[in-house]
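Peer 1: Counting from 1, position 142 in the sequence shown corresponds to residue 488 in our numbering; the numbering is continuous, with no gaps. Quick one: this structure, given as C-alpha cells, is what I'll be asking you about.
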Amino acid sequence: ELTVGAKRAVAEGRLLGPELHVAGTIIDTLHFENLTQRVRSEEEIRRVVREQAAAGVDWVKLYSGLTPDLIEAAIEEAHSLGILTVGHLHNTSWTEASELGIDNLVHVIVGNASYLPEEKQAAYAVEVSRGMQAAYAWFEMVDLEHPKIQELIQTLATNGTSVDPTLVAFHAAFFGDTDQYKENPALANYSPAMIENWSTLFNFNLGWTPEDFDRAHPAWDKAEQFIKLLHESGVLLTAGTDANNPWIVPGDSFHQELVLLRDCALPNEEVLKIATWNGAKLLGIENRVGSIAPGKEADLVLLSENPLKNIEATRTIEQVIRDGELVERHQNH
C-alpha cells in the first residue's frame with residue numbers, strides 16, 4: 347500500500363519525486379513478518395500475484411525459497427496481467443528462471459551450487475551452513491570458464507533476461523573490515539536508529555572473522571569478472587543498490603554502484619547507459635525516457651563535470667529537471 351500510494355501521489359502531482367515503478371511484498375515459501383507473503387502451491391502463488399496486480403504494483407518479487415514450478419506459475423500469471431517479474435533466487439537456478447521467462451534477476455551473488463564444480467559442492471554446502479560466508483565462498487569456488495557458467499551467460503543473453511547486480515550491497519559486506527562505508531559522509535543525514543541496527547543486529551557480515559575478510563577481498567575480483575562477462579556477452583545490466591540494507595544509503599549508494607560497475611572494467615559510457623537507458627528498456631518505457639532525444643520526456647540531471655571522463659562526476663549535480671520542470675534543491679510538497 348505504501349509503495350503504490352507513493353507511486354500514485356507522484357503521478358498525480360501530490361508528491362514530488364521520480365516516476366515510480368513498484369513491487370509488491372516479497373513472495374516466498376517462508377513467512378517473515380512485514381517482509382514476505384508465504385505460498386505453498388501454484389494456486390496460492392497465482393492468487394497472490396493477482397492480488398498484488400490488482401493493488402497496482404508493476405512488479406512481483408520472487409524469492410529464494412521458491413521452486414521452479416512455483417516460479418513458472420508466478421511468471422505466467424504476472425505476464426498475463428501485464429506486470430514484470432524479478433527474482434532473488436537460490437532454490438531455482440538462474441538458468442531455470444531465465445528459461446521460464448523471468449524478466450530480471452538481482453544480486454551478483456548467484457549462490458546456486460549447481461554452477462560449481464562437482465568436487466566443490468560439498469564444501470560449498472558447509473559454507474552455506476555458516477551463513478553469509480557463502481557469498482564469497484561461491485566466487486572462491488566457481489570456475490568462470492566452466493561450461494555451466496558459459497551456458498548460464500548465454501541463456502541470459504538469448505532470453506533477454508536482465509541482471510541487476512546491486513554490487514554496492516555486497517561490496518559493503520566483503521569489505522566491511524574497512525572504513526569506507528561506516529565513515530561515509532552520507533550517513534550524517536541518515537537514520538541514527540538504522541545505523542545502530544546495522545552496527546549491532548543486522549549486517550551481512552555480522553560475526554565474520556579477519557580470516558573471512560581475508561577470503562572475501564580476493565573473491566570480489568571474480569565478482570567483477572563475472573559482471574564483465576555478462577556485459578560482454580550482451581546481457582542487459584541495470585543499476586540498483588538494495589538500498590536500506592546495511593550501510594546502503596538511498597541516493598548516495600547509486601553513485602557508489604556506478605563506480606563499482608566501472609571497476610568491473612566497463613567503460614564510463616556503458617556505465618551511464620546501464621544507469622539510464624537499460625533501466626528504461628527493462629521497464630518497457632525506453633520510447634519516452636532513458637535517453638535524450640526529440641520527443642522524449644525531459645527528465646534530466648545536469649552535471650558540472652563530465653562523467654564520460656570520470657564516472658564519479660555523477661555526484662556534481664547542478665540541476666534536476668523532472669518532465670520538463672526545474673526541481674529546486676530542497677523543494678518538497
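Glycine residues also receive a C-beta, built at the ideal position from the N, C-alpha and C atoms.
Judging by CA-CA distance, which residue of V673, I657 and N656 is the nearest neighbour of E664?
Peer 2: Comparing Cα-Cα distances from E664 to each of V673, I657 and N656, the minimum goes to V673.
Peer 1: By the three-class DSSP mapping on this structure, what secondary structure does K353 have?
Peer 2: Reduced to three states, the DSSP call for K353 is helix.
Peer 1: Give me whichever residues DSSP pairs with Q665 in a beta bridge.
Peer 2: The partner list for Q665 (beta bridge, DSSP) reads L648.
Peer 1: In whole angstroms, give me the CA-to-CA distance for R354 and Y470.
Peer 2: Between R354 and Y470, the C-alpha separation is close to 45 Å.
Peer 1: Can you give me the C-alpha to C-alpha distance between F378 and G411, rounded to a whole angstrom?
Peer 2: Going from the Cα of F378 to the Cα of G411 covers about 12 Å.
Peer 1: Just mark N633 as buried or exposed, buried being the case when its beta carbon has 16 or more other beta carbons within 10 Å.
Peer 2: So N633 counts as exposed.
Peer 1: Using DSSP's beta-bridge definition, name the partner residues of Q383.
Peer 2: Answer by DSSP bridge pairing, in chain order: I373.
Peer 1: Taking 8 Å as the cut-off, decide whether the C-beta atoms of L612 and A585 are in contact.
Peer 2: Contact: no.
Peer 1: Which runs of the alpha helix (DSSP H) spanning at least 4 residues fall entirely within the segment 429 to 490, listed in chain order?
Peer 2: Segments of the alpha helix (DSSP H) lying fully in the segment 429 to 490: 440 to 446, 464 to 476 and 479 to 487.
Peer 1: Using the Cβ count rule (16 or more neighbours within 10 Å means buried), how would you classify Q479?
Peer 2: Under this definition Q479 is a buried residue.
Peer 1: Please classify T438 as buried or exposed, where buried requires at least 16 neighbouring CB atoms within 10 angstroms.
Peer 2: Under this definition T438 is a buried residue.
Peer 1: Within the segment 572 to 610, note down every full alpha helix (DSSP H) run reaching 4 residues or more, in order along the chain.
Peer 2: Fully enclosed alpha helix (DSSP H) runs of 4 or longer: 598 to 608.
Peer 1: Using the DSSP secondary-structure output, state which residues sit across from K407 in a beta bridge.
Peer 2: K407 pairs with V432.
Peer 1: Can you check whether the C-beta of K642 is within less than 8 Å of a C-beta belonging to chain D?
Peer 2: Going by chain labels, chain D is absent from the structure shown, which holds only one protein chain.
Peer 1: For H425, which residues in the same chain have their Cβ closer than 6 Å to its Cβ, ignoring the five residues on either side in sequence?
Peer 2: Around H425: no qualifying Cβ.
Peer 1: Which same chain residues end up closer than 6 Å to A589 when comparing Cβ atoms and leaving out the 5 residues on each side of it in sequence?
Peer 2: Counting only Cβ-Cβ distances below 6 Å, and skipping sequence neighbours, we find P596 and S599.
Peer 1: For S426, which three-state DSSP category applies?
Peer 2: Note: S426 maps to helix in three-state DSSP.
Peer 1: Where does V472 land, buried or exposed, given buried means 16+ other C-beta within 10 angstroms?
Peer 2: Per the 10 Å Cβ criterion, exposed.
Peer 1: Under 8 Å, with one C-beta from each stretch per pair, do the segment 550 to 562 and the segment 508 to 525 reach the 3-pair mark?
Peer 2: Because the criterion of three Cβ pairs below 8 Å is met, the segment 550 to 562 and the segment 508 to 525 touch.
Peer 1: Return the chain-ordered list of same chain residues with a C-beta closer than 7 Å to the C-beta of H679, the five sequence neighbours on each side being excluded.
Peer 2: Residue placement at H679 is poorly supported in this model, since its pLDDT is 48, which falls under 50; the coordinates still yield a value, given next. Correct list, in chain order: R360, L361 and L362.
Peer 1: Excluding the five sequence neighbours on either side, which residues of its own chain have a C-beta within less than 8 Å of the C-beta of N652, listed in chain order?
Peer 2: Counting only Cβ-Cβ distances below 8 Å, and skipping sequence neighbours, we find A659.
Peer 1: Between the alpha carbons of A565 and Q571, how many angstroms are there, rounded?
Peer 2: The straight-line gap from Cα to Cα measures roughly 10 Å.
Peer 1: Please look up how many angstroms separate the CB atoms of I373 and A420, rounded, as I've assumed it's under 8 Å.
Peer 2: 7 Å between Cβ atoms; contact.
Peer 1: Does DSSP classify D567 as helix, strand or coil?
Peer 2: Helix.
Peer 1: Could you check whether D415 and E388 sit closer than 8 Å to each other, using their CB atoms as the reference points?
Peer 2: Taking 8 Å as the Cβ cut-off, E388 and D415 qualify as a contacting pair.
Peer 1: Would you decide whether G433 is buried or exposed? Buried here means 16 or more other CB atoms lie within 10 Å of its CB.
Peer 2: With 16 or more Cβ atoms within 10 Å of its Cβ, G433 is classed as buried.
Peer 1: Going straight from the alpha carbon of L498 to that of T507, what length do you get?
Peer 2: So the alpha carbons of these two residues sit roughly 11 Å apart.
Peer 1: Tell me which residue opens and which closes the beta strand (DSSP E) that E529 is part of.
Peer 2: Unbroken run through E529: none, as it is neither H nor E.
Peer 1: Can you tell me which of the three DSSP states E557 falls into?
Peer 2: The answer is helix: DSSP assigns E557 an H, G or I state.
Peer 1: Can you name the residues that DSSP bridges to L672?
Peer 2: Note: L672 sits in a beta bridge opposite I667.
Peer 1: Leaving out the 5 sequence neighbours to the left and right, which residues in its chain are closer than 7 Å to R661 when beta-carbon positions are compared?
Peer 2: For R661, where only same-chain residues beyond five positions count, the Cβ hits under 7 Å are H601.
Peer 1: For S650, which residues of its own chain have a beta-carbon under 6 Å away from its beta-carbon, when the five flanking residues on both sides are left out?
Peer 2: Same-chain partners within the cutoff: T662 and E664.
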